[in-house]
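Have a look at the structure below, then the notes.
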């Protein structure tokens, strides 16, 4: 692996760890606390979103969806991230993040989940362009 690609991968991993820490802290601890949007600020205006089969598009619609979810407590068990090649995204810094773990919603039992994000740099901040969250059902 050449040094440029190695640096991109290392930067992607560090950024993804920091971003997911912020994301799940906001989701679990901050989204019902304030009247100010907490989750929507993590998404670009034209973001797409799929939450366990329910879709939404646009930052404001996504924010409203999160406000309707019950309180949650996520615990990550795996995290993987890769940079998307510059040619595929017009030289825009963009990463794909795959996360999984367990979640407990309000009075519901603990469940496994998987989530994939595509994040991109926007005005020196990382924002979600695409988000797909899925609760895992046993076979």
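In our numbering, the protein residues as written are 1 to 139.
No residue lacks a Cβ here, since even glycine has one placed at the ideal position from N, Cα and C.
All of these numbers come straight from a predicted model, not from anything done at the bench.
By the 10 Å Cβ neighbour count, where 16 or more other Cβ atoms means buried, how is residue i classified, buried or exposed?
{"i": "residue 38", "result": "buried"}
{"i": "residue 53", "result": "exposed"}
{"i": "residue 127", "result": "buried"}
{"i": "residue 42", "result": "buried"}
{"i": "residue 83", "result": "buried"}
{"i": "residue 125", "result": "exposed"}
{"i": "residue 6", "result": "exposed"}
Along the alpha helix (DSSP H) that carries residue i, what are the first and last residues, could you check?
{"i": "residue 14", "result": "3–25"}
{"i": "residue 67", "result": "59–68"}
Is the beta carbon of residue j closer than 9 Å to that of residue i?
{"i": "residue 121", "j": "residue 78", "result": "no"}
{"i": "residue 57", "j": "residue 66", "result": "no"}
{"i": "residue 81", "j": "residue 16", "result": "yes"}
{"i": "residue 70", "j": "residue 25", "result": "no"}
{"i": "residue 28", "j": "residue 73", "result": "yes"}
{"i": "residue 19", "j": "residue 96", "result": "no"}
{"i": "residue 103", "j": "residue 135", "result": "yes"}
Rounded C-beta distance between residue i and residue j? I'm assuming under 8 Å.
{"i": "residue 100", "j": "residue 113", "result": "7 Å"}
{"i": "residue 115", "j": "residue 133", "result": "5 Å"}
{"i": "residue 40", "j": "residue 63", "result": "3 Å"}
Identify every residue that forms a DSSP beta bridge with residue i.
{"i": "residue 55", "result": "50"}
{"i": "residue 135", "result": "113"}
{"i": "residue 122", "result": "125"}
{"i": "residue 100", "result": "78 and 114"}
{"i": "residue 130", "result": "48 and 118"}
Along the chain, where does the beta strand (DSSP E) containing residue i start, and where does it finish?
{"i": "residue 83", "result": "72–83"}
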